Amino acid sequence: MEKANYDLVVIGSGPAGQKGAIAAAKLGKRVAVIDRQGMLGGVSLHTGTIPSKTLREAVLYVTGFRQRAFYGNGYALK
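Be aware that the sequence shown starts at 530, since it is given in the numbering used here, and climbs by one per residue.
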């Protein structure tokens with residue numbers, strides 16, 4: 530087995546692990562991601578919590594429309 534050198538080893542590929550790995554890779558670091566599932570996504574992807582996260586993101590997106598009125602571009606949603 531060959532020895533591998535990494536700047537960062539991320540344990541778990543859930544949302545936090547993915548964000549950390551992506552951020553480090555964008556900075557040019559060599560990153561390894563280890564997950565016991567054998568596929569990316571972590572528990573949140575494989576146990577059904579994504580719809581709640583999708584709903585949360587949709588609400589944040591819609592509330593952003595209201596806040597844009599402060600800067601001159603307002604939208605009315607029904």
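Even glycine gets a Cβ: it sits at the ideal position worked out from N, Cα and C.
Just so we're clear, the structure is a prediction, and the values are computed from it rather than from any experiment.
| Rounded Cβ spacing between Ala561 and Val591 (contact assumed at less than 8 Å) | Actually they do not touch by this definition, with Cβ atoms about 38 Å apart.
| query | Is it the case that the Cβ atoms of Asp536 and Ala553 are separated by a distance below 8 Å? | reply | At the C-beta level, Asp536 and Ala553 come within 8 Å of one another.
| For Ala533, which residues of its own chain have a beta-carbon under 8 Å away from its beta-carbon, when the five flanking residues on both sides are left out? | Same-chain partners within the cutoff: Ala561.
| Beta bridge counterpart(s) of Ile563 as assigned by DSSP | Ile540
| said: If you reduce the DSSP assignment to three classes, tell me which class Tyr535 lands in. | reply: DSSP places Tyr535 in coil when its eight states are reduced to three.
| message | Whole angstroms are fine: how far does the CA of Leu584 sit from the CA of Arg565? | response | 28 Å
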